[in-house]
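I have placed the structure first, in the form of structure tokens, so that the comments after it can refer back to it.
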Amino acid sequence: VVASLRRRGYDLTDSVEAADTILFNTCSVREHAEEKVYNSIARLKLLKLAHPEKTIGVMGCMAQKDQQLVFDRAPFVDLVVGPGQLQRIPDLLDKVRSGAGPQMAVSLGRRDGSQDDIRRSHESFDPLRDPTMRPTPFQAFLRIQIGCDKFCTYCIVPMTRGPEQGRSPEL
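Residue numbers (our numbering): 56 to 226.
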């Protein structure tokens, strides 16, 4: 996400006051983590009221799981993006900034289409991974699997990360 935003002219800052865009990268494995995100978002309400031009977004597994609930709990949020649509964030930010209103991009649910349709609605691996973001020229991140098809009773990963997709061992 950082690399794709940098290509569009965005710069990182440590200050929410100085930021034009504030994105929360979320997890939904533990309820406590979700509540911390909602609390952090709530603390931005007054800042957003004072500076409506600032864009606030929620991305990741919690965004995929909660979807419209994010807007319901925090109506001043502009963007909700699931982990399968992260590559769309720059274009969605452009839409928000052009006045198109809040934007949501999430993957299809497990019951919303054929397995092929559902798989295609999830990002497959890292198409936008930028080599300049590597810690050294000699290291690279190679994701070998995303998603899961196991449906353990205690786990939410199959619902938020989507169907299991893996690289062939021959690669």
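Just so you know, even glycine gets a beta-carbon here, dropped at the ideal spot from N, CA and C.
### Task
Kindly confirm or deny that the stretch 130 to 143 and the stretch 96 to 110 touch, where touching means at least three C-beta pairs closer than 8 Å.
With the cut-off at 8 Å, the stretch 130 to 143 and the stretch 96 to 110 touch.
### Query
What residue from C210, V161 and I201 has the CA that sits closest to M114's CA?
Per the Cα distances, V161.
### Query
Are M117 and S83 closer than 8 Å when you measure CB to CB?
Yes.
### Query
Is it true that the CB of S59 sits closer than 8 Å to the CB of P130?
Not a contact, by the Cβ cut-off of 8 Å.
### Query
beta strand (DSSP E) containing I77: first to last residue?
Where I77 is concerned, the enclosing beta strand (DSSP E) starts and stops at T76 to T81.
### Query
Where do the ends of the beta strand (DSSP E) carrying V92 lie?
Not the beta strand (DSSP E): V92 falls in the alpha helix (DSSP H), residues E86 to A97.
### Task
Please report the residue range of the alpha helix (DSSP H) in which T52 lies.
With the chain covering 56 to 226 only, the question about residue 52 has no answer from this structure.
### Query
Do you know how far the Cα of P192 is from the Cα of L183?
Confidence at L183 is low in this model, with a pLDDT of 49, below 50, so the placement of that residue should be treated as unreliable; the coordinate-derived value is given next. Straight across, the Cα-Cα distance linking L183 with P192 is about 17 Å.
### Query
Taking Cβ to Cβ, would you say L104 is nearer than 8 Å to I77?
Contact flag unset, no.
### First through last residue of the beta strand (DSSP E) which encompasses I111
First-last of the beta strand (DSSP E) with I111: T110 to G115.
### Query
According to the Cβ coordinates, are Q158 and K150 closer than 8 Å?
Cβ distance < 8 Å, so Q158 and K150 count as in contact.
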